[in-house]
Ligand code: MEV
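Residue numbers (the numbering used here): 37 to 472.
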């Protein structure tokens with residue numbers, strides 16, 4: 037076992053690489069040359085990348101794809117997506133084209149408030165605390181004036197401070213729940229900076245006031261941090277067509293397809309095992325746009341899955357309705373994103389993605405992301421209830437297996453023909469390559 041290393045972050049890149057090689061890899065591992073292959077030639081851009089994180093020794097590439105023909109609120113988008121999953125983009129592009137020809141997606145932002153929390157322990161009279169917060173709300177807000185100045189000039193800032201009594205769930209536990217408007221930024225740094233100032237002001241006001249007794253003055257702030265649960269930052273997207281405008285399928289009538297599709301959506305409402313996978317299909321699209329536009333996909337994912345459980349049971353996030361010969365799908369999700377700040381102003385590929393989308397406001401980006409999630413969901417469930425998912429997946433899996441086995445261009449071409457109606461697995465592919 038290697039010894040614990042102290043001061044690793046202070047080593048140069050070469051020193052880091054040689055320490056890792058010595059301690060964790062074999063000489064035959066070609067570690068350094070692989071790392072070097074993924075460095076960016078342009079030194080300025082590489083050094084920008086290095087500054088995004090710590091202990092950077094190379095870059096990790098993922099495919100950057102686009103899906104054209106996304107008609108959202110009558111505007112045609114070509115959406116940038118980053119995903120490693122075979123067949124996601126092909127399925128999405130078919131879906132966006134299908135809906136383009138049927139009026140596209142309609143999407144609207146319902147609200148776009150962000151939230152931060154100051155968690156604290158208070159032993160004392162609750163009514164007294166509530167009165168104190170109401171009386172001092174403005175003072176607490178004003179203590180952040182220096183930080184919020186620019187945001188207020190742009191129409192944002194702190195919206196409301198609420199006291200939440202959680203002492204029924206955990207002894208002495210209370211919360212200041214603070215709503216923020218952060219316009220086009222995701223606002224994590226802004227919110228966290230405000231919360232830290234408010235919590236200090238809050239503590240000071242309590243300690244200095246004669247209003248509280250000694251026990252009440254012992255109020256302890258536990259932590260101040262934004263919440264990634266954003267049920268007041270909601271966007272909705274939908275698409276609809278007449279049943280007779282649906283696609284033609286070999287083995288089903290359009291009515292049969294519509295009913296089977298709706299059954300699949302309804303199953304995901306009542307079965308958690310299916311709901312998680314159904315939502316994963318939605319996230320395939322959502323995450324791919326979040327990454328391409330430099331947004332924090334972990335934050336959005338956590339918030340969306342909590343939202344899916346808001347009834348007490350984890351449920352699917354999308355709906356399918358069949359009314360009066362109309363087939364309608366819709367999706368409603370919390371999506372807290374930014375189009376300024378963070379790496380959106382720095383990462384050249386992120387800047388390019390946003391430009392490709394016409395430099396959207398954060399609300400426009402919410403609409404695009406929600407529509408992509410719904411289109412991806414339609415594509416997945418359509419395959420599941422008709423051909424099955426493996427048909428599309430396996431085509432891409434074949435390419436991956438062929439590349440893994442270092443197949444030549446000619447072998448790839450003939451393998452694609454040969455495997456059209458045959459089982460694809462690592463053994464059958466390597467047998468084929470041995471013979472051809
Ligand atoms: C695979 O990445 C996504 C699906 O499993 C989604 C679904 O089942 O709805 C196909």
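Beta carbons are placed, not taken as given, at the ideal position from N, Cα and C, and that holds for glycine.
beta-carbon residue i near the ligand MEV non-hydrogen atom, thresh 7 Å
i	result
residue 299	no
residue 420	yes
residue 425	yes
residue 411	no
residue 314	yes
residue 324	no
residue 470	no
residue 317	yes
residue 121	yes
residue 320	yes
residue 416	yes
Secondary structure of residue i, DSSP reduced to three states
i	result
residue 432	helix
residue 371	coil
residue 385	helix
residue 425	coil
residue 283	coil
residue 401	helix
residue 262	strand
residue 3	Since the first and last residues shown for the chain are 37 and 472, residue 3 lies out of range.
residue 353	coil
residue 442	coil
residue 42	coil
residue 379	helix
residue 474	Examination of residue 474 is not possible in this model, given that the chain is present from 37 through 472 alone.
residue 277	strand
residue 364	strand
residue 453	helix
residue 66	coil
Cβ of residue i within 8 Å of any chain B Cβ
i	result
residue 101	No chain B appears in the structure shown, which is made up of a single protein chain.
Alpha carbon of residue i to alpha carbon of residue j, nearest angstrom
i	j	result
residue 268	residue 347	15 Å
residue 290	residue 359	14 Å
residue 192	residue 266	17 Å
residue 317	residue 421	14 Å
residue 352	residue 370	14 Å
residue 356	residue 345	19 Å
residue 153	residue 271	23 Å
residue 221	residue 59	42 Å
residue 69	residue 42	26 Å
residue 188	residue 248	33 Å
residue 109	residue 136	11 Å
residue 387	residue 401	14 Å
residue 382	residue 365	36 Å
residue 343	residue 138	30 Å
residue 462	residue 451	13 Å
residue 304	residue 454	37 Å
residue 171	residue 81	51 Å
residue 349	residue 219	32 Å
Inset, instruction - Can you check the region 302-339 for any alpha helix (DSSP H) of at least 4 residues that lies completely inside it and give the ranges in chain order? - result: Entirely contained in the region 302-339, the alpha helix (DSSP H) runs reaching 4 residues are, in chain order, 308-328.
Inset, instruction - Report the residue ranges of all beta strand (DSSP E) runs contained in full by the region 74-151; include only those spanning at least 3 residues, in chain order. - result: Secondary structure within the region 74-151: the beta strand (DSSP E) runs of 3 or more consecutive residues, fully enclosed, are 100-108, 111-118 and 142-145 (chain order).
Inset, instruction - Count the CB pairs spanning the region 210-217 and the region 227-236 that are closer than 8 Å, and state whether there are at least three. - result: Verdict: yes, contact present.
Legend entry - the region 365-376 in contact with the region 81-101 per 3-pair CB rule at 8 Å: They do not touch, by the three-pair rule.
Inset, instruction - Let me know the beta strand (DSSP E) ranges lying completely inside the region 150-236, each 3 residues or longer, listed in chain order. - result: Counting whole runs of 3 or more residues, the region 150-236 contains the beta strand (DSSP E) stretches 150-157, 193-201 and 209-217.
Inset, instruction - Count the CB pairs spanning the region 110-119 and the region 250-264 that are closer than 8 Å, and state whether there are at least three. - result: Result no; under three Cβ-Cβ pairs closer than 8 Å.
Legend entry - Contact the region 292-310 vs the region 215-226: 3+ CB pairs below 8 Å: No, they do not touch.
Inset, instruction - Check whether the region 399-409 touches the region 176-188, taking contact to mean three or more Cβ pairs, one atom from each stretch, closer than 8 Å. - result: In short, these stretches do not touch, since the Cβ pair count stays below three.
Inset, instruction - Report yes or no: do the region 460-469 and the region 430-450 share at least 3 C-beta pairs separated by less than 8 Å? - result: Yes, the region 460-469 is in contact with the region 430-450.
Inset, instruction - Spell out a yes or no on whether the region 121-130 and the region 193-200 are touching, meaning 3 or more CB-CB pairs, one atom from each, closer than 8 Å. - result: No: fewer than three Cβ pairs fall under 8 Å.
Legend entry - Inter-stretch contact (C-beta, 8 Å, three-pair minimum) for the region 314-334 and the region 274-291: No: fewer than three Cβ pairs fall under 8 Å.
Inset, instruction - Specify whether the region 381-396 and the region 305-317 touch according to this definition: at least 3 beta carbon pairs, one from each stretch, less than 8 Å apart. - result: Look at the beta carbons and you see the region 381-396 not touching the region 305-317: under three pairs across the two are nearer than 8 Å.
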